[in-house]
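In terms of this note's numbering, the sequence shown opens at residue 37 and continues consecutively. Have a look at the structure below before the remarks.
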Amino acid sequence: MANSDNFRNRAAACEAHDDIPRSPGDAETIGDVIARRYSRREMMRGTLGVTAAAALFGPAAFAAGNANGEAAPDRFDFTELEAGIDTDHHLAPGYRAQVLLRWGDPLFPDAPGFNPSGQSAAAQLKQFGYNNDYIAFFPIDGSATHGLLCINHEYTNEELMFPAIEERQDTSGFEKMTAELVDIEMAAHGVSIVEIRREGEDWRVVLDSKFNRRISPATPMTADGPAAGDRRLQTDADPSAMSMIGTLNNCAGGRTPWNTYLTAEENFHGYFWTNECVPGGARPKGLGGNQAESYKRYGIPGLWQAWGKFIDRFNVDKVPNEPNRFGWIVEIDPFDPNSVPVKHTALGRFCHEGAETLVNKDGRVVVYCGDDGRGEYVYRFVSNGRYDPDNRAANMKLLSEGTLSVARFDADGKEHWLPLVFDEQWLIPYFGFYSQADVVIDARLAADKLGATRMDRPEDVQPNTVNGRVYVLLTNNVRRKSDQVDTANPRPDNAFGHIIEMTPPEGDHAADSFAWDILVQCGDPAIAEVGARWNPATSKNGWFASPDNACVDADGRLWIATDQGESWPRTGRADGLYALETDGEFKGTPKLFFRVPIGAELCGPCFTPDGGTLFVAVQRPGADGAEALIGFGRPSTFKDPVTHWPDPDPDSKMPPRPSVLAITKDGGGKIA
Ligand code: FEO
Ligand code: CA
Ligand code: CA
37 MANSDNFRNR AAACEAHDDI PRSPGDAETI GDVIARRYSR REMMRGTLGV
87 TAAAALFGPA AFAAGNANGE AAPDRFDFTE LEAGIDTDHH LAPGYRAQVL
137 LRWGDPLFPD APGFNPSGQS AAAQLKQFGY NNDYIAFFPI DGSATHGLLC
187 INHEYTNEEL MFPAIEERQD TSGFEKMTAE LVDIEMAAHG VSIVEIRREG
237 EDWRVVLDSK FNRRISPATP MTADGPAAGD RRLQTDADPS AMSMIGTLNN
287 CAGGRTPWNT YLTAEENFHG YFWTNECVPG GARPKGLGGN QAESYKRYGI
337 PGLWQAWGKF IDRFNVDKVP NEPNRFGWIV EIDPFDPNSV PVKHTALGRF
387 CHEGAETLVN KDGRVVVYCG DDGRGEYVYR FVSNGRYDPD NRAANMKLLS
437 EGTLSVARFD ADGKEHWLPL VFDEQWLIPY FGFYSQADVV IDARLAADKL
487 GATRMDRPED VQPNTVNGRV YVLLTNNVRR KSDQVDTANP RPDNAFGHII
537 EMTPPEGDHA ADSFAWDILV QCGDPAIAEV GARWNPATSK NGWFASPDNA
587 CVDADGRLWI ATDQGESWPR TGRADGLYAL ETDGEFKGTP KLFFRVPIGA
637 ELCGPCFTPD GGTLFVAVQR PGADGAEALI GFGRPSTFKD PVTHWPDPDP
687 DSKMPPRPSV LAITKDGGGK IA
């Protein structure tokens, strides 16, 4: 039986997982690269760009340029919002945010209304799930006002969902969690596919749509690629190793050119349990060789949830191969509600964050992925086959075969893609790799062997098809020591994150090497110790911390969503959405457009094709660090609530609810 002393706080477990460098220390990190890159000769020649110059000359040189704190003129046609934090969301003047979907809202004509005091798994499977993250909009018949919205539901917070649970349960061995509550949690995970239509100013859900669908950790799926059918994916329930059951911890994702949805399984390790209750890195008995090393490298079992207490397949002592069946990119056809989602093992297994896709100049398909852990890596997949705009069925096989590579950032400003291919380099039986299946199942171990660069938590890796570059969002890494910095991760105790810009040669995203530079280093530019690097046009409201999700608008400009977690008191401002110039005089200038209520993370920025609506996902309002806001603080959202966001009624019995908002401009037209 579980001993509560053996459970760590979930945040601590997450920290531990993210913070302990699991990759070898001999790999060169990006911070080393930057320091060596900007030589004295370059400085004297004056050939450095804005970012590099800022890195050399410090924040004062830039911050002083806009000491009055006013936003400078730029290409973004909106008045900047004031930074801050309170119990509501805020939007730049002249815009409107409609609450489109909230946790518990019906998705089907026969779905029960939301009743937080009478939840059930059956009801939840017909309702919008919890903790919305990535959003993709798929036009119907090319329309910008009618389409399918796909939304990930990343995870659940038991203390915020259930009136009877007043505190997080991972600190007490999940003693108050029951099989019934776990079933509800599972039903609240996964993906929602929803038909929506704009009528006048408002968007509405089409409840009787044939497309509406909930995908959960129990939805039947299949697999393809090198690990499909492999012995390490076999279980007693599935000797074929082809019949996967469900998806979980779906974080950021992607949308393919052939209009399918990619959902990324991120912190899958956290869902696994062991009878020994030894969190993070336990080696279950009876597992030898690479499997035990693999468990350790991935932090399995993580014991973040109680699922394995009640469901055998989430207990690694009972079903030791089940963790190998998670940590993949899953492709879903939103236009066929009977389609079977596919886990594409060719894209590797790690804590997947994002799967943004483009068609390369030669027709091959490229997918960029982050592995969100401290010291983890940036990956790229290039398909063997070529995109055919007239053959959707063939396109849906493109992610089945190709080359997975991992990034090494060198100090000379070059980034090299290192192919993860069995029987090449060190990926051989002597080192525990017996097939390409082993390479993709243990992508982290394989990347370790090749000397990839350990990054400061890679979240979205966002290609910009307008200017041809690629942006790597590195959210933070407070455990990087001063002797561990490198040119790509140049700050020790990196509490605020940074963004790297990669440039493929001649627009070839399949090339072996790219050029790279740092676009911005985040944090307050007025505090020299922070080491922030922004364009000097940045206002006192515009700078941000912890970049996480991103999208690119039709003009090739970035929109950055932030996730500071419980560390928002370091900046004194809520998370939000920031427009960020990527080219020209104002390159590297962020501008605040929207901010979330206390305790929330902003996710999933997504424009309609006409740029007229911006969908955003407000995840876990009332959670992170909410106790720190006087008058709001309490561990449970049901206990003495002082806000009911997004239900403003002060008599509401509703807790703050994860929600998707549709943002439009007063009077219509493009957002900015
Ligand atoms: Fe689920 Fe890395 O954010
Ligand atoms: Ca994220
Ligand atoms: Ca995040």
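Glycine included, C-beta positions come from ideal geometry on N, C-alpha and C. None of the values given here were measured: they were computed from a predicted structure.
Where the beta strand (DSSP E) through residue i begins and ends
i: residue 133; result: 131–138
i: residue 653; result: 649–655
i: residue 566; result: Counting along the chain, residue 566 falls outside any beta strand (DSSP E), and DSSP gives it neither H nor E.
i: residue 169; result: 168–175
i: residue 594; result: 594–598
i: residue 637; result: 637–643
i: residue 257; result: 256–260
i: residue 495; result: 494–499
i: residue 450; result: 450–455
i: residue 189; result: 182–189
i: residue 121; result: Residue 121 -> no beta strand (DSSP E), and no H or E assigned at all.
i: residue 286; result: 286–291
i: residue 630; result: 626–631
Whether residue i touches residue j by CB criterion (8 Å)
i: residue 707; j: residue 647; result: yes
i: residue 289; j: residue 300; result: yes
i: residue 499; j: residue 406; result: no
i: residue 348; j: residue 310; result: no
i: residue 247; j: residue 362; result: no
i: residue 258; j: residue 403; result: no
i: residue 714; j: residue 283; result: With the chain covering only 37 through 708, there is no way to say anything about residue 714.
i: residue 545; j: residue 434; result: no
i: residue 612; j: residue 598; result: yes
i: residue 5; j: residue 204; result: Outside the displayed span of the chain (37 to 708) sits residue 5, for which this structure offers no information.
i: residue 228; j: residue 256; result: no
i: residue 197; j: residue 345; result: no
i: residue 142; j: residue 690; result: no
i: residue 31; j: residue 640; result: For residue 31 there is no data in the structure shown, the boundaries of the chain being 37 and 708.
i: residue 111; j: residue 622; result: yes
i: residue 469; j: residue 482; result: yes
i: residue 638; j: residue 133; result: no
i: residue 192; j: residue 221; result: yes
i: residue 286; j: residue 190; result: yes
i: residue 720; j: residue 509; result: Because the chain spans 37 through 708 in this model, residue 720 falls outside it and cannot be assessed.
Where residue i falls: helix, strand or coil (DSSP)
i: residue 49; result: With a pLDDT of 34 at residue 49, under the threshold of 50, the modelled position of this residue cannot be trusted; read the value that follows with caution. The answer is helix: DSSP assigns residue 49 an H, G or I state.
i: residue 621; result: coil
i: residue 521; result: coil
i: residue 701; result: strand
i: residue 603; result: helix
i: residue 561; result: coil
i: residue 514; result: coil
i: residue 475; result: helix
i: residue 305; result: helix
i: residue 392; result: strand
i: residue 160; result: helix
i: residue 280; result: strand
i: residue 68; result: Since pLDDT at residue 68 reaches only 40, below the 50 mark, its modelled position is unreliable, and the value read off the structure follows with that caveat. Helix.
i: residue 249; result: strand
i: residue 470; result: coil
i: residue 465; result: helix
i: residue 696; result: strand
i: residue 541; result: helix
i: residue 689; result: coil
i: residue 410; result: strand
i: residue 485; result: helix
i: residue 480; result: helix
i: residue 659; result: coil
i: residue 111; result: coil
i: residue 527; result: coil
i: residue 269; result: helix
i: residue 127; result: strand
Residue i Cβ short of 7 Å to ligand 4 heavy atom set
i: residue 581; result: By its list of ligands, the structure shown excludes ligand 4, since it contains just ligand 1, ligand 2 and ligand 3.
First through last residue of the alpha helix (DSSP H) which encompasses residue i
i: residue 555; result: Careful: residue 555 lies outside any alpha helix (DSSP H), inside the beta strand (DSSP E) at 549–557.
i: residue 401; result: Premise fails: residue 401 lies in the beta strand (DSSP E), 400–407, not in any alpha helix (DSSP H).
i: residue 197; result: 194–197
Margin query: Restricting to runs no shorter than 3 residues, where is the beta strand (DSSP E) found entirely within the region 322–387?
Written below: 365–368 and 378–380
Next item on the list: Can you check the region 413–440 for any beta strand (DSSP E) of at least 3 residues that lies completely inside it and give the ranges in chain order?
Entry: 414–422
Item checked: Length at least 3, wholly inside the region 213–240: the beta strand (DSSP E) runs in chain order -> 226–235
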